[in-house]
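See structure below.
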Amino acid sequence: MINNLKILFHQGKQYIPDVTTIEIPGVFRGLPIISNEKVDVNALEELCPTKAITINPLQIDLGKCTFCGECSMAFPKKITFTKDYKIASNSREALIVKQGVESPIKLNPESIRKEISDYFSGSLKLRQVCAGGDGSCELELGACGNVNFDMGRYGIEFVASPRHADGIVITGPITKGMAEPLQICYDAIPEPKIIILAGTDAISGGIFADSPALNRHFLETHTIDLYVPGNPIHPLTFINGVLELIRNRK
Amino acid sequence: MNAIVIKNNQQIPFDSIPTLEYNKFLEYNTALLQNEDCHCVNYYGIAVQENVKLICCIANDKDATILLSSSLVGLETPLECFAQHHLAFEKFEREIHENFGIPFLNHPWLKPVRYPFNASNKNNTIANYPFFKIESEELHEVGVGPIHAGIIEPGHFRFLCNGEQILHLEIQLGYQHRGIETLFLQKKKLIERHTLAENISGDSVVGHTTAFANLWESLCNVETTEQAHFERTLALELERIAVHTGDLSGMCTDVAYQLGSAVYGRLRTPIINFFQLWCGNRIAKGLIRSGYSNFPFTNELGEKLKTVLEAFETDFEEISKATFAAPTVLGRLEKTGIITNQVGKNIGLVGMAARMTNINRDIRSSHPYHLYSTILHQPILKHHGDAYSRARIKYREIQQSITYIKTLLNAIPSHNTTKIEMPKPTPNAFILSMIEGWRGEICHCAITNAQGELVHYKIKDPSFHNWLAMALAVRNNEISDFPISNKSFNLSYAGHDL
């Protein structure tokens, strides 16, 4: 008993006091900024592994971006990745960063359904479905609940059964094999319910976008409440995105 | 000559692999496995017009060689299987059967492996998998998955139980199939292929990307720089520490030891945060690139890592001492999920799962690459083959990795970020690249055509060997002990399904 208490004491303070304001230490590639610098845009477009960069006008789609940083390393004056980790949105268009525009990514409060803040602002239970995800977004979603990020303090938790859940968090590009289980799981969640896409693979298919082994039909037939970009997502991106979603009132 | 002998990461002309008549091919390769120093690292087929070329890669762990042989067979001719002579070939033959439809005779179970989008038999669907059944009024079936209770990848487990006792477990995978091997050929840009390699299995990003980077450099005749050797060795050991620590946390969770779960869980954070400090990504995506390095390892990073490891070690040793002395933990781990040495050898276990049952199989020592030849790695072996052995081996390997990293940090090589233009790969070549990830050996094979374009890419994650061990380990266990066995192996679904 004394030993256990000693161990507890030795851990010190591990939790992040305020996950909405903390600065990420070290290198982090969050929200990019595209300057008006003149560069060879074709070469820039060619660099991107997932066609996230398109030209005329020049823009980066964070729903496709793997945040590898190759573009900013080749054209450091053109593209810089800031440490802004608040890059989740409920609008797919908001994830597209345009040249010369320096504005943070936000949720559009107009399009947040009223019942989300009515029911979920103090407690949100989520069921995670990995549909072809490589395990990295899953690790980070798991980390959201650890003693460092401690998402549970806001009443946001992952639960085992869809029957106990208020929403679904999808990771991975949605393989053919997972299309039906995903639908069954979603149907088992009681109304009202939300859908969150976590990670580049889920939002756009990422590097697998043109794979013949996918079936992304589910996304065409359902409304998505939150897109969380990242490869994998950073826990802070996820937690802040969800908090904005459930706390935002029209 | 029955086989050509190569070394790890050595490219050879594709047509220098001897083509044997099938019976000879079978006899030669199954005989090789009678020698305990040999194990099968890859056995697969490639389409050659209307036929299939089978390529078998057997590693000899004693003299650091790989023996390659091949055979050209028809699509419909029934063939005597390898698996009846040595069970380690079982999964490889199922894969060949699934891809091409070749009927293998006397195979124990020619069941689907991963339902690839280009499978030969479209009537096999993930919904009609032929599970093993026992008709009995006393027994019952428990179906789990594909979606599991936690935040993990999908797969289906079907248990046959007598009360709470598991008699049999069958594992059905394939839900994660994304067609990666095909995408490796379709996507021509090097950065696209790097990205694919990073997405094979999210807990072995460094492992798979390093295997690809080594393969590609060797295929393009570019010498791996001293800096790359250093960075990749260091990253591989850091990945080992991070995942093993996370696994110890998971195992504590599964035996309801809350203190261990929380402390090991938070101890993983500084290690993956160091990856972020180094390359901007906690899982190390973007870190390893063939031919160049975007994130050189500086002396400053070295100092920082020393501090991180020092703080880690103290707390890690303290919690480990408590964990491995807690009767509640030991009672659940000891004699749970046993794989005996003989079973391990029969099914061709690799990596940590092999070493926990006293099989000395570790690519770092048997086929050294990067700086492992100077480290003179000595694999840690355990004897009991139970969940306790697996927990202990994770603990000891973390200690060992820390020691290796400290040694590495004494000689940080000078660095640069110059990006060289990779030359085209050698035409008509075959290459095999192996590394020891935290889970076990990762093997990538590639074949090029006359223009130097990739025409075949084969990925083997250690999980491909080890999933069968999980099914066998839980026999006669209580079903409530299944999660501990599962977490202690921590096999990859995505790496298996590709």
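As given, the protein sequences belong to chains H and W, one line each in that order. All the letters of the first sequence, read from the start, carry residue numbers 0 to 249 under numbering that gives the first Met the number 0. All the letters of the second sequence, read from the start, carry residue numbers 0 to 497 under numbering that gives the first Met the number 0. No residue lacks a Cβ here, since even glycine has one placed at the ideal position from N, Cα and C.
Chain C beta carbons: is any one of them nearer than 8 Å to that of Ile206/H? Absence of chain C from the displayed structure is noted, the protein chains being H and W.
For the stretch 2 to 20 of chain H, which residues have a beta carbon sitting closer than 7 Å to at least one beta carbon of chain W? Residues of the stretch 2 to 20 of chain H with a C-beta less than 7 Å from any C-beta of chain W: Asn2, Asn3, Ile6, His9, Gln10, Gln13, listed in chain order.
Burial state of Tyr14/H (16 or more Cβ within 10 Å): Within the first sequence, numbered from 1, the residue matching residue 14/H stands at position 15. The residue is exposed, with fewer than 16 neighbouring Cβ atoms inside 10 Å.
If distances are taken between C-alpha atoms only, which option among Ile5/W, Asn28/W, Pro17/W, Ile45/W comes closest to Asn448/W? Position 449 of the second sequence, counting from 1, holds the residue named residue 448/W. Minimum Cα-Cα distance from Asn448/W among the listed residues Ile5/W, Asn28/W, Pro17/W, Ile45/W corresponds to Ile45/W.
Buried versus exposed, by CB contacts within 10 Å (16 or more), Gln175/W: In the second sequence, counting from the first residue as 1, residue 175/W sits at position 176. Buried.
Going by the beta-carbon positions, is the gap between Ile502/W and Ser68/W smaller than 8 Å? With chain W running from 0 to 497 in the structure shown, residue 502/W is simply not present.
Using a Cβ cut-off of 8 Å, pull out every chain W residue sitting near Cys70/H, in sequence order please. Position 71 of the first sequence, counting from 1, holds the residue named residue 70/H. Against Cys70/H, chain W offers no close residue; the least beta-carbon distance is about 10 Å (beta-carbon pairs closer than 8 Å).
Please determine if the stretch 161 to 180 of chain W and the stretch 113 to 125 of chain W are in contact, where contact requires at least 3 C-beta pairs separated by less than 8 Å. As far as the Cβ criterion goes, the stretch 161 to 180 of chain W touches the stretch 113 to 125 of chain W, which means the pair count is three or higher.
Taking Asn213/W and Tyr368/W to be in contact with their CB atoms under 8 Å, please state how far apart those CB atoms are, rounded to whole angstroms. As a working mapping, residue 213/W is identified with position 214 in the second sequence. As a working mapping, residue 368/W is identified with position 369 in the second sequence. The Cβ separation is near 7 Å, so the contact holds.
Excluding sequence positions up to five away, which residues of its chain have a Cβ less than 7 Å from the Cβ of Gly347/W? Start at 1 with the first residue of the second sequence, and residue 347/W comes out as number 348. So the list reads His38, Cys39, Ala87, His464, once near-sequence residues are dropped.
Less than 8 Å between the beta carbons of Glu18/W and Phe81/W, yes or no? Working through the second sequence from its first residue, we reach residue 18/W at position 19. Working through the second sequence from its first residue, we reach residue 81/W at position 82. One point to set straight first is that residue 18/W is Thr, not Glu, in the sequence displayed. For Thr18/W and Phe81/W, no; Cβs fall outside 8 Å.
Candidates Ser71/H, Ile173/H, Ile86/H, Glu92/H: closest to Phe207/H by CA position: In the first sequence, counting from the first residue as 1, residue 207/H sits at position 208. When each option's Cα is compared against that of Phe207/H, the closest is Ile173/H.
Grab me the residues of Val40/H's own chain with a C-beta within less than 7 Å of its C-beta, minus the 5 sequence neighbours each way, in chain order. What you label residue 40/H is simply residue 41 of the first sequence in a count that begins at 1. By the criterion of a C-beta distance shorter than 7 Å, Val40/H is surrounded in its chain by Ile54, Leu57, once the five residues flanking it on both sides are discounted.
Under 8 Å between beta-carbons, which chain W residues line up against Pro180/H? List them in chain order, please. In the first sequence, counting from the first residue as 1, residue 180/H sits at position 181. Chain W residues near Pro180/H: Pro145, Ile146, Pro153, Tyr174.
First and last residue of the beta strand (DSSP E) that includes Met433/W? As a first step, residue 433/W is located in the second sequence; it is residue number 434 there, counting from the start. Counting along the chain, the beta strand (DSSP E) containing Met433/W begins and ends at 428 to 435.
Between Gly141/H and chain W, is there a C-beta pair that is closer than 8 Å? On the first sequence, residue 141/H is found 142 positions in, with the first residue counted as 1. Closer than 8 Å to some Cβ of chain W, the Cβ of Gly141/H qualifies, so yes.
Buried or exposed for His163/H, please, with buried defined as at least 16 other CB atoms from any protein chain shown within 10 angstroms of its CB. Along the first sequence, one-based indexing puts residue 163/H at 164. Exposed, by the Cβ-count rule.
How many angstroms separate the CA atom of Arg192/W from the CA atom of Leu266/W? On the second sequence, position 193 is the one that residue 192/W refers to. On the second sequence, position 267 is the one that residue 266/W refers to. Here the alpha carbons of Leu266/W and Arg192/W stand approximately 32 Å from one another.
Starting from the beta carbon of Tyr114/W, find every residue of chain H whose beta carbon is closer than 7 Å, and list them in chain order. Sequence index remark: in the second sequence, residue 114/W carries index 115 (1-based). Residues of chain H whose Cβ lies closer than 7 Å to the Cβ of Tyr114/W are, in chain order, Gly176.
Could you check where the beta strand (DSSP E) with Leu33/H kicks off and where it finishes? Position 34 of the first sequence, counted from the first residue, corresponds to residue 33/H. Residue identity check: residue 33/H is Ile in the sequence provided, not Leu. For Ile33/H, the enclosing beta strand (DSSP E) starts and ends at 31 to 33.
Is the number of C-beta pairs between the stretch 156 to 170 of chain H and the stretch 97 to 112 of chain H that are closer than 8 Å three or more? Of all C-beta pairs linking the stretch 156 to 170 of chain H to the stretch 97 to 112 of chain H, fewer than three are shorter than 8 Å, placing the two stretches out of contact.
Residue of Glu312/W, Thr223/W, Arg474/W minimising C-alpha distance to Ile401/W: As a first step, residue 401/W must be located in the second sequence, where it is residue number 402. Taking only the C-alpha atoms, the option nearest Ile401/W is Glu312/W.
For Pro48/H, the three-state DSSP class (helix, strand or coil): Looking up residue 48/H in the first sequence gives position 49. Under the three-state reduction of DSSP, Pro48/H is assigned to coil, being neither helix nor strand.
For the stretch 195 to 210 of chain W, which residues have a CB atom closer than 9 Å to at least one CB atom of chain H, in sequence order? Sequence-ordered contacts of the stretch 195 to 210 of chain W with chain H read Leu195, Glu197, Asn198, Ile199, Ser200, Gly201, Asp202, Ser203, Val204 [C-beta pairs closer than 9 Å].
Against chain H, with Cβ distances strictly below 8 Å, would Cys251/W count as a contact? By 1-based counting over the second sequence, the position of residue 251/W is 252. At a cut-off of 8 Å between beta-carbon atoms, Cys251/W makes no contact with chain H.
Residues bridged to Leu159/W by DSSP? Here residue 159/W refers to the residue found at position 160 of the second sequence. The beta-bridge partner set that DSSP reports for Leu159/W consists of Glu140/W, His167/W.
Per-residue burial, Tyr309/W [other beta carbons within 10 Å of its own, 16 or more giving buried]: Position 310 of the second sequence holds residue 309/W. For the sequence presented, residue 309/W should be read as Glu rather than Tyr. The residue in question, Glu309/W, is exposed, as its Cβ has fewer than 16 Cβ neighbours within 10 Å.
Examine the Cβ distances between the stretch 27 to 36 of chain H and the stretch 57 to 76 of chain H and report whether three or more of them are shorter than 8 Å. Short answer: they touch.
Residues of its chain near Lys418/W, where Cβ-Cβ distance is below 8 Å and the 5 sequence neighbours each way are ignored: As a first step, residue 418/W must be located in the second sequence, where it is residue number 419. Contacts found: Gly290, Tyr291.
May I have the straight-line CA-CA distance separating Ile232/H from Ala324/W, to the nearest angstrom? Taking the first residue of the first sequence as 1, we reach residue 232/H at position 233. Taking the first residue of the second sequence as 1, we reach residue 324/W at position 325. Their backbone Cα atoms lie some 37 Å apart in a straight line.
Interface residues of chain W facing Gln127/H [CB-CB closer than 7 Å]: Taking the first sequence and counting its residues from 1, one reaches residue 127/H at position 128. Ordered by position in chain W, the residues that pass the 7 Å Cβ test against Gln127/H are Ile150.
In chain order, what residues of the same chain have a beta carbon less than 6 Å from the beta carbon of Lys52/W, not counting five sequence neighbours either side? As a first step, residue 52/W is located in the second sequence; it is residue number 53 there, counting from the start. Around Lys52/W: Ile45, Ser69, Leu71.
Would you verify that the beta carbon of Ala445/W is, or is not, closer than 8 Å to some beta carbon of chain H? In the second sequence, residue 445/W corresponds to position 446, counting from 1. By this cut-off, Ala445/W is not an interface position.
For Gly44/W, write down the residues that DSSP places opposite it in a beta bridge. Position 45 of the second sequence, counting from 1, holds the residue named residue 44/W. The partner list for Gly44/W (beta bridge, DSSP) reads Leu53/W.
Considering Leu196/H, what are the terminal residues of the beta strand (DSSP E) in which it resides? Within the first sequence, numbered from 1, the residue matching residue 196/H stands at position 197. It spans 193 to 197 - the beta strand (DSSP E) in which Leu196/H sits, taken as one unbroken run.
Under the three-state reduction of DSSP, which class applies to Thr194/W: helix, strand or coil? As a position in the second sequence, residue 194/W is number 195, starting the count at 1. In the three-state reduction of the DSSP assignment, Thr194/W falls in the helix class.
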